[in-house]
Each structure stands twice: as C-alpha cells, then as structure tokens.
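S.K.: Residue numbers (the numbering used here), protein chains in the order written: chain Y, 3 to 129; chain W, -2 to 256.
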Amino acid sequence: MENKEPLSPHIQIYKWHISSLVSISHRITGIINIIAITLICLWICIISLSENNYDAMNLFLRSFLGKFIILGFTWSFSFQILSELRHLIMDLGYGFQIKTSRITGLIVIFGSIILTVVLYLLGKSYI
Amino acid sequence: MVKLNLPENSKVKRGNYFRDKTGSNNIRKVNVYRWNPSTKENPRIDTYEVDMNNCPSKVLDILNKIKNEIDPTLAYRRSCAHGVCGSCAMNIGGKNGLACTTPHSEIDGDIDIYPLPHLKVKRDLIGDLDGLYKQYQSIEPWLKSNSKTETTEIYQSKEDRAKLDGAYECIMCACCSTSCPSYWWNGDKYLGPAVLLQAYRWIVDSRDDERKARLKKVADELKLYRCHTILNCTSACPKGLNPAKAIAEIKKMLATANF
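1) Taking the alpha-carbon positions, what's the W/N50 to W/D17 distance?
2) If you pair each beta-carbon of the stretch 195 to 203 of chain W with each one of the stretch 35 to 49 of chain Y, do three or more pairs fall below 8 Å?
3) Between W/A78 and the rest of its own chain, which residues show a CB-CB distance below 7 Å, the 5 nearest in sequence each way excluded?
4) Determine, for Y/Q99, whether the minimum Cβ-Cβ distance to residues of chain W falls below 9 Å.
5) Could you check if W/Q132 is buried or exposed, using at least 16 other CB atoms within 10 Å of its CB as the buried criterion?
6) Grab me the residues of W/G128's own chain with a C-beta within less than 8 Å of its C-beta, minus the 5 sequence neighbours each way, in chain order.
7) Could you tell me the distance, in whole angstroms, from the CA atom of W/Y105 to the CA atom of W/K8?
8) Is there contact here, the stretch 168 to 182 of chain W with the stretch 226 to 244 of chain W, by at least three beta-carbon pairs under 8 Å?
9) Just grab the DSSP bridge partners of W/M87 for me.
10) Apart from the five residues just before and just after W/C224, which ones in its own chain have a Cβ nearer than 6 Å to its Cβ?
11) For the stretch 149 to 164 of chain W against the stretch 81 to 98 of chain W, are there 3 or more C-beta pairs whose distance is under 8 Å?
12) Along chain Y, in chain order, which residues have C-beta atoms closer than 7 Å to that of W/I227?
13) Using 9 Å as the limit for Cβ to Cβ distance, is Y/Q82 near chain W?
14) With 9 Å set as the bound, which would you pick, yes or no: does the beta-carbon of Y/K69 sit closer than that to a beta-carbon of chain W?
15) Can you tell me which of the three DSSP states W/E38 falls into?
16) If you drop the 5 nearest sequence neighbours on each side, which residues of the same chain put their C-beta closer than 7 Å to that of W/W181?
17) Would you mind working out which of W/T70, W/S154, W/E218 and W/T149 sits nearest W/G189, comparing C-alpha positions?
18) Which residues of chain Y have a Cβ atom closer than 9 Å to the Cβ of W/G91, listed in chain order?
19) Quick one: what does DSSP say Y/K6 is sitting in, helix, strand or coil?
20) Label Y/I196 either buried or exposed according to how many other C-beta atoms from any shown protein chain fall within 10 Å of its C-beta, with 16 as the threshold for buried.
21) Am I right that W/L73 and W/I108 are in contact with their C-beta atoms under 8 Å? What's the rounded C-beta distance?
22) What residues in its chain sit with their C-beta under 6 Å from that of Y/I49, if we drop five residues either side in the sequence?
23) Tell me whether W/F15 sits in a helix, a strand or coil according to DSSP, three-state version.
24) Beta-carbon of W/H115 versus every beta-carbon of chain Y: anything under 9 Å?
25) Report the rounded CA-to-CA distance for W/R198 versus W/M250, giving the unit in angstroms.
26) Which bits of chain Y does W/P118 rub up against, with CB to CB less than 9 Å?
27) Got a sec: which bits of the stretch 190 to 215 of chain W sit with their beta carbon under 9 Å from any beta carbon on chain Y, in order along the chain?
28) Indicate whether at least one CB of chain Y lies closer than 9 Å to the CB of W/K10.
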C-alpha cells in the first residue's frame, strides 16, 4: 500500500515564543557572522593592495548601504555574543525555567540592540 | 532534513462550514483539522460554530460537543479527561497541550485545533506515535538491578527518591517531543525531549545499576545533542515538567564523567 498518510502541519502553525525566536536567530546570525568574517578578510586584502582601492572602499563604507551593512554585522555579532553567553549559562544547567528563559531571551534581544548602538557610538568616538 | 513546506498530499485546504443551529448568542468559531483515510483528498480545516452557553470550560468539552451534537464523524483520542492519561494531546491555538486541561477561555479569537505537529496523521486529530514508542523502548525504561536477591526490596534514601521528582510524573503524551523543531527535522534519529526525560529518570535512579551503560548509550551526536535548548518542550509540557533541563543534566553528566 502506498503511504498516503499526510504529515500534520508543524512550523506553519506552531506559535513562536521568545526562546524559540532567540534560538533560530542564533543560527541565522551565526551564518551571517561567517559571511561577515569572510568579507572582513577580503576587505583587508583589498585595501592593502593599493591606495585607490582604499579610497574606493572608504567611499562605499561611508555610503548608506555601506553603513547599513556595517551596522547589520555589528548587530549580528552583538546578538551572537549575548546569545552564546546565554547558552553557556544553560550548559551549566541554569535558566531553564520558562520565566527565566524569557527574561534572558529578552535581555539578548534588547541587549544586542543596545550593544550595537554603543559600538556604533564608540566607533564614531562619541563615547 | 529540514523541510519547511508540507508535502503536496499534506497541504491543508478549506473545508466545510457548520453554521450554528441553536440560535445561541454566545458563539465561538472552532477550526478543526480533518483528514479521512478512506478518501484521496487532502486534509482540510472544518469550521464549527459552537454554542458556548452550554459548553463546559475545557477544549475537550468543545470537541465532545462537536462530536455529540454537530458532526459525529470527527475523530480524536481521549480517555480520562483529567490530564492523567495523555490521550488528548493536540495542538491548540498554536501550542501543544492536553485538550482536557486547556481552558478555552485562555485562547483569544477563533480556536484552532490541529493534531500534534509533524506526525503521520491516521485520521483527523490522531497522529501516529509509533516512532516515539519505539524510541522509548530503545532506552529500556525498566529497572536493571544486579542484586541477586529478588525477594527483598531495594532501599532508597529520601534524597535519592527526590531526584526522581519532575521526571517520574511524565505521562508520555508527546506534547513536548512534537513541539520540538529538532525533533521535527531529525525525529528518526534524535530521541526527543519525552524519551530523553525518561532516559534521565532511569539514569538518576539510585536503585538502577546500569547508569554508565545508559549514559553511554544516549551519548550520541544525534540521539542527544540535537537539543539546542529551544525550550518549546518545557513550555508545552501540560504537567509542568522540564525536559530541557533534564537533557541539560544528561549533557552535564556526560561532560563530567570519565568512562
């Protein structure tokens, strides 16, 4: 007999909550970070080759798109760091109560935004 | 393999609409997943208008009302109706739980009822849990004692007994395992929260003599370490247990053990 039993809906219907959202974002930012690190290496290679390259890259990074990419990477790194700390605490066996995990999840989400702003201001040497 | 979309034969279509015939002024719409194995059609969502003035407080009461008064063809599992047997586990309002212990007042708007996620559907709200039971069998959930005397009881201190609290209460309803995205994508290899909680229950039992063997058996990239602390399991558990914590404890034991 052919197997015609349908598969019940899963990710389409399951409600998101803080800890599942942080978990999937952790994976996504992990992939973004790999791309980011590769691009940073390329960037260093390019600007070290000639002064023209340096000027061109500078122009690009000062454009809106360039700034958006830099800020995006900064957020991605911030998120990954904070989420990784959360994972480390969980590996020690703490923070598994639903309430605690929600609070730590929210800290990761909002903390990553705050950290991005702080890093941006630091880079602009406003702080 | 991660497959986000449902296969072609599993795509859900709009189904029938059952208008209220009681003339009640307190109506709630209940959307229920339906699939009939004797037809070749895809699953569908039937919508029922249910008179809430004459309906007790739990989601299972709604289902009983639909089956008794509106549509007797609806199929679902239920037995004790008191959160002890675990038969009526299903996905209610986007979250797994027992229909008999979930109050419908906690759900806003229309009530969506689906079978437990990512299972082969046998009919309507009945999912196939064979795989999970086989995995449960694989951890050998019984006491293994080397003691030669089988006639005397094995004493356990109060402290040792307390270690089983939060693990022995599990009713194997599968709410946790079927809420876990890791279990959805790797359910054939990853044991899932329900079975790992039971594995933990036997690992920490002071009367059991096979602790090391049990730990070794479960120490596997796929069987255990597919848990990425998403915590869907803990938030789904209708008995308020914490499978994610139990899995973390197993990982900790393995990290500190020297075999």
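Each residue gets a CB set at the ideal place from its N, CA and C atoms; glycine is no exception.
M.R.: With the structure as the only source:
1) Answer to the nearest angstrom: the Cα atoms are 12 Å apart.
2) Between the stretch 195 to 203 of chain W and the stretch 35 to 49 of chain Y there are fewer than three inter-stretch CB-CB distances shorter than 8 Å, so the stretches are not counted as touching.
3) Only L57 and C97 meet the Cβ criterion.
4) It does: the Cβ of Y/Q99 has a partner Cβ on chain W nearer than 9 Å.
5) Under a 10 Å Cβ-count criterion, W/Q132 is classified as buried, with 16 or more other Cβ atoms of the shown protein chains found around its own Cβ.
6) Excluding residues within five positions, the ones whose Cβ falls inside 8 Å are G184 and D185.
7) One detail in the question is off: residue 105 of chain W reads as Asp in this sequence, not Tyr. Rounded to whole angstroms, W/D105 to W/K8 spans 25 Å at the Cα level.
8) Contact holds: three or more Cβ-Cβ distances are below 8 Å.
9) DSSP output for W/M87 lists W/G94 as bridge partner(s).
10) Only I244 meet the Cβ criterion.
11) Flag = no, the stretch 149 to 164 of chain W and the stretch 81 to 98 of chain W do not touch.
12) Those are S21, S22 and S25, listed as they occur along chain Y.
13) Not one beta carbon of chain W lies nearer than 9 Å to the beta carbon of Y/Q82.
14) No, Y/K69 does not count as interfacial toward chain W.
15) Three-state DSSP puts W/E38 in coil, outside helix and strand.
16) Answer for W/W181: P114 and H115, listed in chain order.
17) Taking only the C-alpha atoms, the option nearest W/G189 is W/E218.
18) By Cβ distance, chain Y contributes I15, Y16, K17 and W18.
19) Judged by DSSP in its simplified three-state form, Y/K6 adopts coil rather than helix or strand.
20) Here chain Y comprises residues numbered 3 to 129, so residue 196 of chain Y is not present and cannot be evaluated.
21) First, the residue type needs correcting, since residue 73 of chain W is Tyr and not Leu in the sequence shown. With 8 Å as the limit, W/Y73 and W/I108 do not qualify as a contact, their Cβ atoms being about 14 Å apart.
22) Within the same chain, Y/I49 has close Cβ partners N55, Y56 and M59.
23) DSSP places W/F15 in strand when its eight states are reduced to three.
24) So, interface residue.
25) W/R198 and W/M250 have their C-alpha atoms some 13 Å from each other.
26) Residue identity differs from the one stated: residue 118 of chain W is Val in this sequence, not Pro. E7, P8, L9 and S10, listed in chain order.
27) Here the close residues number zero.
28) Judged by the 9 Å Cβ criterion, W/K10 is not in contact with chain Y.
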